[in-house]
Amino acid sequence: MTVEARPGARAWVLAACAGAVFLVLVGGGPVDLAAKDSGPELGAGGGGGGRERVATASGKCVTCHKGIEEMHPWAKIGCVDCHGGDPDAEEKAKAHVAPVKPIPNDERVLPANYDLPYLRFRNPTNLRVVAQTCATCHKGQCDTFAHSIHATTAGHLSDGFYENGVAKDKRSAYGVFPVSDDRPGLPPGALPRLAVLPPFLGATANRDQLATHFPDVPRKNCVRCHFWSQGLAVRGRLGMDGDYRAEGCAGCHVLYTDQGLSRSADKSVKKYEPGHPYKHRLSSTVPTTTCVHCHYGDASIGLHFRGLAMLVPGQPAGPDVPGTTPMRLNGMFYIRDDKVTPPDVHHEKGMHCVDCHTGKDLMGDGNLYGAMEHAVEIECSSCHGSLAAETDLKTARGNALPHLTRAAGKVLLRSKVDGKEHVVKQVKNIVDPKHADFNPRAAQAMTSAHDRLECYACHSSWNSNFFGFHFDRNEGFNQLDLLTAERTVGRVNTLEKVFATFRQLYLGFNSEGMIAPYLTGFSTFCTVHDAKGRIIVDQKMPETAAGLSGMTMIHHQMHTVRAAARACVECHRSSTTWGMGSPSFALARDFAYVGTSAGMSVLALDRKSPEKSEGVANFPAPPALDVVLALDPIQGHGRLAYLCCGEEGIVVAELANPLFPRRVGAFKTTFAKSGVLTGKYLIVADGPGGVKVLDVTNPAQIVQVGAVATKDARAISLSNLCAFVADGPGGLVAIDFADPLHPVAVGAASTARPKSELAADATHVVTLFQYSRPAAEGKRTAARNLAITADTRGGGAIFDVTEPARPTRLSGFLQPPDDVERFEVKGLAVGAKFDLGSEGGKIPSEEHDYVWTVFEQKNRNDDPRGYLRIFRITNPQNPQGMGQAMIQNNLSSIAVMRVYNPPFLTFFAFALGPGSTEVIDVSKPGQPSRLAQVPGLAGARGVAVEAFSFDRMMDEDGRVLKDISHEGARYLSREEIQKVLRVPLEQATTGSGGKR
Amino acid sequence: MLLLGVCAARAGAETPEEKLAGFLQKYDKNGDARVARAEQPEDQKEFFAKIDANKDGVISKQEAKEYFRNLKDATKKPKEDPKKKGAPMKRREVHGIESFGECDADHDGKFDPKEFAEYVFFLCDRNTDGYLDVEELNNLPSSAKRPYPREGMAKRLLKDLDKNADSFVSLEEWKAPEELMAGFDDDRDGWVSKDELIADQLERAGGLAGWSSADEVMAKMDANKDGKLTKEEWQGSKALWDRFGPSPEGLVTKEQVERHLGYLAAILRASDGFVQRHDRNGDRRVTRDEYGGPDAVFERADANRDGVVTVEDGAAGR
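Those sequence lines, one after another, are chains A and B.
Mapping of the first sequence onto my numbering: position 262 corresponds to residue 262, and the numbering continues sequentially without gaps.
Count along the second sequence from 1, then add 996; that gives the number in my numbering.
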C-alpha cells in the first residue's frame, strides 16, 4: 500500500509549510508551519458509534490535554488505544504509564525489549511496540517497514565494513538489530538475515591497522540515523534545528518543525521545549522537509535535491557570505549557489521526495535488502518512459503508480503532498521530430547507443565529491557506544575530509549493469591517537579483503538532475571520468624522490612543516633528470623509482624500505629525460630517441615494445589514452596510445608564440580535463581537455586537445618580456583547487584550475632571478596571473604537494635547482609564501612525490586499483573505455551550446 | 679489509683564520669580502648552504669565520707522549659506507687524494688516538681487484712517514700511498667515488660485483636450471659460499642468494648518515625518540618492526 494522497486544506497547509522551510534555507525568515489549520480536535469529530468508543478510550485524558489534535482522524481511535495508560485516572501519575526507571534521554539505540509499556506510551509508533499499535490495522506495512533499509541501516553499515577492510564479504551482513527472512525464493539482492553489529572489544591487537579501529565508528556514529532511534535531536536538547524527528512510523508520518517546537493546541505541551512534533497528528503526505531531517550531511541526497551542499572545511559561510545559507540547520551552514549547486529540477518544480519514491521504496516490500539499489523500485523511466514507449504508469517492478495518470495525450503526475499536477515529458516524444516536445540536442544523445546509461549519468548537473573522508579515533577520550549504552574508550570524529569538487564526473557500472555516476561513499582513511596522544595510525588508507584499495567510490543517484546535460566530451574525451585519475586529488604521503647529479636522494617529508623535510638516503646512479614512481595502490607509497638518466637510460630502484633503495634494473635508451607510467609500461620521453615504450613488468628485464619517432621528446603527459609530448622543435605532439605496442602520432601544434619567427622549443607539458559546470539560464560552461606547455622561447601556452588530432591553441601565459636577456620556464604543475574565500564573503570560495610554474629571468645588467608564479586557468582562454614569489635562480623543476593536516588541506611547492630545493606554501594562489630551503639535495633536477590518488580507480592498462563494495558493480574495462573515448564526435557539443 | 669504520670530522693543520683566508681567496672573485651566489660553484651548493647561517644566499665574512671556527679539529689535541696516552676516545662504528658523506668535505660525491687519505687514516685509527701505530698500519684497506702489497707494509710506511721517529704516524705525517688509492680508482680519473668503493665491496663479497639481483646470479650459474646452486655450479668465493649456509645436501637456494645480496646491498648502500645523524647514544640504532621526525617515516624505515632503525632494516623483507 503506498502513501495516500490527501487533497484538501490540510495538504495545502503542509505544502505551505514545505515552502516556508525552503524559504528559511534561502533566507526567507523563521519557520511558520501553520498558516491555516482546520483539523478536528480529538473527540470532537467523526460520527456514529465510533464517537462513543473514542470517548471511552480517551476518558479524562482531554481534561489535561484539552485542545489536542486528533492523531488519526481516518479511524476512530482513542488515546489509550495507542498510548496505553488509564483513561479514567484524574491524576497525571496514575493516568500515564510510568517508566520502570528514568529513560536515558540521549541518542543511544535502546534494546529491542526496553520497557515496552513506557516506550509505547511515549511513542506508540516505536518499532518495538508497533505490533500492538499500528500493526493492528496496518500489519502489512509495519512488517515490511521493520525489514526496510530505513529500519535496518543495512547498506550503510556493511559498505563501510567492506571498504574499510573489516568484512570479507560484499554482501550486507549487519543491521541495527538481528532480523531474518526465512521465506524461500528470495528475489535478487534480498538477504536471508542480518546480524547485529559485532561488539567492539577495543583495539588490543594489530593496533597499527585501520581495520582494527574502524568497527568503533558505526557503533558510535552510524546506527543512530535510522528508525530504531530518534537520533541526536532528543527532546529538550537545544540547538538541533533541522534534526528533530521521531522514531518509528512517526519518523516520517509525524511532522516536526526545524526548531522542533510544538504548535499544538494541547496546552499541556511545553511550547518552549524542542523535540516535540508540530502537532499531535499523523500525516499521510510527507513533505521533503521531513525527509531532510535525516537526509542531510553525509546522507547527501537530501541536500543535493534542494540545491545545497556541505561546506568545504574552512569555508566561510553565513548571512554575510553570498552563495551560502544565511541560517544554520543541522548545526551547519551550507553552500547554496545556483552556479555551483543548483537544485534538482524536480524540487524546483515543487515536487517532493514521495512524488517519486513509492511506499515500497521507503517502507520496504518485505524483503531484507542490503543495498539501496535493490530496495528502490522507482526509475526515471517509471514516469518518463523510454525511447521505445511512453510510461506504462508502473514502476520497474510492475507496481502501479496511482498518482500518475494519462489524459489528453499527456502524462500527469499529481503530487501526493499538495495535489499539484505536473506534466511529465516522455522520452519517446523528446526524440520524435514530429512531436511538440522534440528537442534536437537531446535527440542527438538519447539514442540506443546510450541504452546502458542511467538518465542521471548525463543529467546529474553536479556531484559533490569530498575525496578523502577521514576518521580520527582518539583513545584519550570516551564516547557513547550507541548499542551498549556504555561510554567506551575512543572518540571518533567522522566529519573530516580532504578534497572537495563539485564539477568532476565519475562513471561506472552500477549493480544493475547500468552506467551511473560514482560518488565517495563510506571509505575512510584514518588517524588514531593512543591514550597518551601519540599517533599510532597515521593517515592510513583502507584495504579490502580482495587486496584492493578500499578508498573508493560507489554508484549513486546524485539527485541533482537538471535539463541541461553534461557535454558529450565529458564521457567521450575524458579518461578521468572512467577512473583513470587526474592530477588534482593526490594526497602526499611520506617521501619524495629527487633526481640529482649523483642519482637519487630520498627526502622524508614533514607534513606539518615541509621546510623541515630531511634527506635520509642517497641512491648512487648516473645523474637523474627525472624520477617516475610506481606506487603501491593501497597506501600510495613508492614501490619502484624509475630514474631517467639521460644517455644512461633508465635505472630502476626498489623502494621497499625508502631509507635503503636498492638497484634492481636498468635499460639503455638514447637520452631518457622524463617519463610516465601506465602500469606495466613506462613511456619515456627519450630526447632525440623520440618516445619509447618499455615493458617494465619485470624491472630486472625491461624490454622495449614500442616507439614513435619525434624530434626531441623532453616531457610527456598521459590523458585519454594519449600521450602529449613536449617535443622541443616539434612543439606539442599528440600520440595515440590506445594500443601501447603500436603508438601513433596523430596531431601536433607549434608551441612558439603566434606570429613569431622563432621556432618552437617545447620543454614541458601537463594535462588536465576541465569539466563543465552549471551556468546562467540553465546552460553549462564548456568542457575540454587541456594541454599546458612551456617553450623556451614561446613561454607558456594552453591548448585544447579534446581532439588530439587537432590541438588548438587557446591562449598564452608567462610570455617573456621583449627586453630580457634570458627567460626560460623551468617547470610546470597543474591541478584543480578549491579556494577558500574570505570571512566577509568579499572573496568567494570557488573551485578553480591552476598552473604552477617556475621560471628564470635575466634582465640586462642584472643577476638572473628565479620565480614561482601561479596562473588561474579556470577560463583557459584568459589565464589570470595570481601570486608570484622570488626564489633561487638556476632552477630545474617544480612539484606541487598536497598535504593534509586535519582539518585542512595545504598546498606546497618544491622548486628544485642544482643548489638546493625550496619549499613554498602555495595554498593561497595570490600569496605564495617562501618557507625555507631543504638542505642536502645538491644537484636536484627532478622530483616525484609519492601520493595517493583518490580518483584513480584503475591504471591505463585497465588494472583495477580500487574496490567497489556492491556486488555486480564494476568499472569499465580498458577495452570499453577505449571504445568510449574513440567515438567520433563530429556532431557533438562542448556543453556550452556551441558545436565543436 | 672491509672499508668500515668511523670517519671523524674533517680537520687540517690550518688555523681557522688561515682557512677563512684560503676560502675567501678561492671564492671571493670580486674581493668584496663576501661570496655572492654567482661566485658559488653550482656543484657545491650544499657546502655553501651549511655556511650560510641566515639563508640569504650570500656568504658573509662573518658567517665564514664562524663556520671555520666551529669546525672541530681532532688533531688539535696536544701531542702527548704516546706512552702516556690515556684511554682511547669512544669510537662510533659505522656499518657500510655511511661515513662517505661525512668525509666528502667538498660534497662532490668523490674523494680527492687528500679526502681519501684522511678517510683511510680515521678508518684505520681503531683506537681513535689520532695516530696510526704498527698494528693499524698493517691493516690498511686494500682493493679486492688491485690489492696493495701488504708484506712489510707497516715497516715501509713508518720508514717513509714517521718524521719524528716516535713509531707513530700522525695525521700531519700521513700520506696515503698512491698505489693504495689507485687500487680503488676503477675508472682512473684520479678520484675514488662512492660507487667505486661499493663495487670493491661487492667484489670482495665473492665476485658478485655488478650483479643486481639473484635472478641474474641464477641465470649465470644455475647450469641445470633447478633453482638451486651446487658447489660446483657456484662461481664465487668459498668464503661467500660458506656464508650462504648451504643445506646438508650442499645446496644453496635462490632465496639464500637473494637474502645475502639484499643484506649486502643494504649495508653498502645504506642511507648516508641517517643512522649517524640520529643515533645519539652511539649504539648504532635509531629509536623513535632519537629520530624525532614524522612517525610515518620511522614506521616505514623500521621494516622489521623491532622499534629501531638499523642497517638490518635495509635487508628486512627482501
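Glycine is no exception: its CB is placed at the ideal position from the N, C-alpha and C atoms.
{"Item": "Residues near Leu116/A in its chain [Cβ-Cβ closer than 7 Å; skip 5 each side]", "Value": "Arg128 and Val129"}
{"Item": "Coil, strand or helix - Asn861/A by DSSP", "Value": "coil"}
{"Item": "Segment limits, alpha helix (DSSP H) that includes Thr874/A", "Value": "Run containing Thr874/A: none; DSSP gives neither H nor E here."}
{"Item": "Chain-ordered neighbours of Gly1105/B on chain A, where CB pairs are closer than 7 Å", "Value": "Ala598"}
{"Item": "Nonlocal neighbours in the same chain, by C-beta distance under 6 Å from Asp1302/B, ignoring five residues either side", "Value": "none"}
{"Item": "Where Met886/A falls, given that 16 or more other Cβ within 10 Å makes a residue buried", "Value": "exposed"}
{"Item": "For Thr285/A, the three-state DSSP class (helix, strand or coil)", "Value": "coil"}
{"Item": "Where the beta strand (DSSP E) containing Val1293/B begins and where it ends", "Value": "Here Val1293/B belongs to no beta strand (DSSP E); instead the alpha helix (DSSP H) covers Asp1291 to Ala1297."}
{"Item": "Chain-ordered neighbours of Val1293/B on chain A, where CB pairs are closer than 9 Å", "Value": "Asp590, Phe591, Ala604, Leu605, Asp606, Glu614, Val616, Pro658 and Leu659"}
{"Item": "Where the stretch 691-703 of chain A meets chain B: residues whose CB sits under 7 Å from a CB there", "Value": "Ala700"}
{"Item": "Chain A contacts from the stretch 1136-1158 of chain B (Cβ-Cβ distance under 7 Å)", "Value": "none"}
{"Item": "Near-chain B residues of the stretch 847-876 of chain A - C-beta to any C-beta below 7 Å", "Value": "Asp863"}
{"Item": "Trp1237/B in three-state terms, based on DSSP", "Value": "helix"}
{"Item": "Opposing strand residues paired with Ile798/A [DSSP bridges]", "Value": "Ile788/A and Ser811/A"}
{"Item": "Inter-residue spacing [alpha-carbon to alpha-carbon] between Ala112/A and His138/A", "Value": "20 Å"}
{"Item": "Cβ neighbour criterion (16 or more within 10 Å) applied to Leu741/A", "Value": "exposed"}
{"Item": "With 16 other Cβ atoms within 10 Å as the buried cut-off, status of Ile843/A", "Value": "exposed"}
{"Item": "Simplified DSSP state of Glu496/A, which is helix, strand or coil", "Value": "strand"}
{"Item": "Limits of the beta strand (DSSP E) - the one that Gly599/A falls within", "Value": "Gly599 to Ala604"}
{"Item": "Proximal residues, the stretch 883-915 of chain A versus chain B, C-beta separation under 9 Å", "Value": "Gln888, Asn889, Asn890, Gly913, Pro914 and Gly915"}
{"Item": "Ala738/A - DSSP class collapsed to helix/strand/coil", "Value": "coil"}
{"Item": "Inter-residue spacing [alpha-carbon to alpha-carbon] between Glu421/A and Ser386/A", "Value": "21 Å"}
{"Item": "Member of Ala408/A, Pro622/A, Thr527/A and Val725/A whose CA lies at the smallest distance from the CA of Asn901/A", "Value": "Thr527/A"}
{"Item": "Beta-carbon neighbours of Phe1270/B, restricted to chain A and to distances below 8 Å", "Value": "Val616, Ala617 and Leu659"}
{"Item": "Ile683/A, DSSP secondary structure in three states", "Value": "strand"}
{"Item": "Asn474/A - partner residues in DSSP beta bridges", "Value": "Arg491/A and His529/A"}
{"Item": "Contact belief for Trp578/A with Leu519/A at Cβ below 8 Å, rounded distance in angstroms", "Value": "Not really, about 15 Å apart at Cβ, beyond 8 Å."}
{"Item": "Enclosing alpha helix (DSSP H) for Glu946/A [first to last residue]", "Value": "Looking at the DSSP string, Glu946/A is not in any alpha helix (DSSP H); the run it does join, the beta strand (DSSP E), is Gly942 to Ser949."}
{"Item": "Lys673/A - partner residues in DSSP beta bridges", "Value": "Beta-bridge pairing links Lys673/A to no other residue."}
{"Item": "Residue(s) in a DSSP beta bridge with Glu421/A", "Value": "Arg414/A"}
{"Item": "Proximity to Ser1209/B [Cα-Cα], best of Pro620/A, Arg970/A and Val664/A", "Value": "Val664/A"}
{"Item": "Nearest-angstrom Cα separation, counted from Arg1280/B out to Arg1087/B", "Value": "Low confidence applies to Arg1087/B: its pLDDT is 40, below 50, so where it sits in the model is not reliable, and the reading given next is rough at best. Cα to Cα, Arg1087/B sits roughly 11 Å from Arg1280/B."}
{"Item": "Nearest-angstrom Cα separation, counted from Glu856/A out to Lys1072/B", "Value": "For Lys1072/B, the predicted structure reports a pLDDT of 44, less than 50, and the residue's modelled location is therefore unreliable. The matter cannot be settled from this model."}
{"Item": "Chain B contact for Ile335/A (CB, 8 Å cutoff)", "Value": "no"}
{"Item": "DSSP-derived helix/strand/coil call for Phe855/A", "Value": "strand"}
{"Item": "Neighbour flag for Pro620/A against chain B, beta carbons, 8 Å", "Value": "yes"}
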